[in-house]
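Visitor: Before I ask anything, here is the structure I am working with.
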Amino acid sequence: MKRRKFKKEKLRRGIYILPNLCTSLNIFFGFYSVIASIDGKFMVAAISILIAGVFDMLDGRIARAANATSKFGVEYDSLADLISFGLAPGLMMYLWALRPLGRIGWLAAFLFMTCGALRLARFNTQLGTVSSTHFVGLPIPLGAGMNCVTVLICYRFNIQESVNPIFLMTMLYALSFLMVSTIKYESFKKVELSRKMNFNVLVTVVLILIFIAAQPSIAMFFIGVVYVISGPFNTIRRHKKIRRKKDEPRAEEQETDVV
346 MKRRKFKKEK LRRGIYILPN LCTSLNIFFG FYSVIASIDG KFMVAAISIL
396 IAGVFDMLDG RIARAANATS KFGVEYDSLA DLISFGLAPG LMMYLWALRP
446 LGRIGWLAAF LFMTCGALRL ARFNTQLGTV SSTHFVGLPI PLGAGMNCVT
496 VLICYRFNIQ ESVNPIFLMT MLYALSFLMV STIKYESFKK VELSRKMNFN
546 VLVTVVLILI FIAAQPSIAM FFIGVVYVIS GPFNTIRRHK KIRRKKDEPR
596 AEEQETDVV
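Rendered as structure tokens:
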């Protein structure tokens, strides 16, 4: 009995180590991105942040699948995200393109990191109270990812030297605002891969994967832009639906009055 109990405890400890190991790898690649940015290797820095994003996604999936979620894991994950998706992309963007703007440039990078920290703090306080089907505000890993794919696509078309720093600063301000906004974004957490899907949907998914494999930087940039825009677009559409529903009873009342 004691042996069995010891084995169970050992296994349980192992389950908790696995998601936290993924979080540690998230921090590792985030820190490596900082080092790469200081060395002027901005493509490496951008790719490192994207790899950190993969490990950030894995730690949550593994923790939920193994029923190994804990308060410690949540706090550790948030601290890791602040380094990998707040500090690392902010520093990368400043050293890559915003340095010529001086104080305004580093303040834009600082704002991005601060808004990312606020976004993470709000997320932690809303755990269990907000539906898991959507995020409130743009998630910080996706804000960081948008910065990374911008760097990659500029290097892909060899325009990294001629890119406009004002445009990039405006993009950082927009991403910062979206992170702390109350705009809802789809989380895709409840997407079941084992569920039956329409044949056309399967073909579309395969074509998207081929596009990503053939032109990763272009595909990721396009997907990133679509996701970032989807939040404000869906919010406007929802407001229009609500207005339409409110206007319908008024229109009916006017018709009855005329009759």
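Residues 346 to 604, numbered by the working numbering, are exactly what the sequence shown covers, in order.
Here a beta-carbon is modelled for each residue, glycine too, at the ideal position from N, C-alpha and C.
Going by DSSP in three states, PHE480 sits in which element: helix, strand or coil?
Guide: Strand.
Visitor: Given PRO486, which residues of its chain have a CB within under 6 Å of its CB, disregarding the five upstream and five downstream residues?
Guide: The answer, listed in chain order, is GLY398, ASP401, PHE430.
Visitor: Taking Cβ to Cβ, would you say LEU436 is nearer than 8 Å to GLY488?
Guide: No; because the gap between Cβ atoms is not below 8 Å, this pair is not in contact.
Visitor: Tell me which residues share the same chain as ILE446 and place their Cβ nearer than 6 Å to its Cβ, disregarding the 5 neighbours each side in the sequence.
Guide: Here residue 446 is Leu; the residue named in the question, Ile, does not match the sequence. Answer for LEU446: PRO510, listed in chain order.
Visitor: What does the alpha-carbon distance come out to for the pair ASP404 and THR515?
Guide: Each residue's alpha carbon lies about 32 Å from the other.
Visitor: Taking Cβ positions, are VAL475 and GLY569 nearer each other than 8 Å?
Guide: Cβ atoms of VAL475 and GLY569: not closer than 8 Å.
Visitor: Between which residues of its own chain and ARG583 is the CB-CB distance below 7 Å, once the five residues before and five after are set aside?
Guide: If we look at ARG583 and ignore the five residues flanking it on each side, it has no Cβ neighbours.
Visitor: Looking at the unbroken beta strand (DSSP E) that takes in TYR439, where does it start and where does it end?
Guide: Looking at the DSSP string, TYR439 is not in any beta strand (DSSP E), and its letter there is neither H nor E.
Visitor: Would you report the Cα separation of ARG467 and ILE383, rounded to the nearest angstrom?
Guide: The straight-line gap from Cα to Cα measures roughly 30 Å.
Visitor: Closest to ALA462 by CA distance: which of ILE498, ASP422, TRP441, MET491 is it?
Guide: Residue ASP422 is the option with its Cα nearest to ALA462.
Visitor: Leaving aside the five residues before and after ASN469 along the sequence, list all residues of the same chain whose C-beta is less than 8 Å from its C-beta, in chain order.
Guide: If we look at ASN469 and ignore the five residues flanking it on each side, its Cβ neighbours are VAL419, GLU420, SER423.
Visitor: Do you know how far the Cα of ASN543 is from the Cα of THR549?
Guide: Cα-Cα distance, rounded: 10 Å.
Visitor: Please list the terminal residues of the continuous alpha helix (DSSP H) segment that includes LYS416.
Guide: Where LYS416 is concerned, the enclosing alpha helix (DSSP H) stretches over 416–427.
Visitor: Please name the residue, chosen from PHE522, PHE387, CYS499, ILE553, that lies closest to LEU483 on a Cα-to-Cα basis.
Guide: It is PHE522.
Visitor: If I follow the unbroken alpha helix (DSSP H) through PHE533, where does it start and stop?
Guide: Counting along the chain, PHE533 falls outside any alpha helix (DSSP H), and DSSP gives it neither H nor E.
Visitor: Quick check: what's the CA-CA separation for ALA408 versus VAL571?
Guide: If I take the Cα positions, the gap works out to 29 Å.
Visitor: In angstroms with no decimal places, state the Cα-to-Cα distance between ILE498 and MET388.
Guide: Taking the straight line joining both Cα atoms gives about 10 Å.
Visitor: What number of angstroms, rounded off, separates the C-alpha of PHE417 from the C-alpha of LYS591?
Guide: Their backbone Cα atoms lie some 46 Å apart in a straight line.
Visitor: Got a sec: does the ligand NAD put a non-hydrogen atom nearer than 7 Å to the Cβ of THR580?
Guide: In terms of ligand content, the structure shown is empty, and the ligand NAD therefore cannot be addressed.
Visitor: ALA391: which of GLY450, LEU366, TYR439 sits nearest, CA to CA?
Guide: For ALA391, the nearest C-alpha among the options comes from TYR439.
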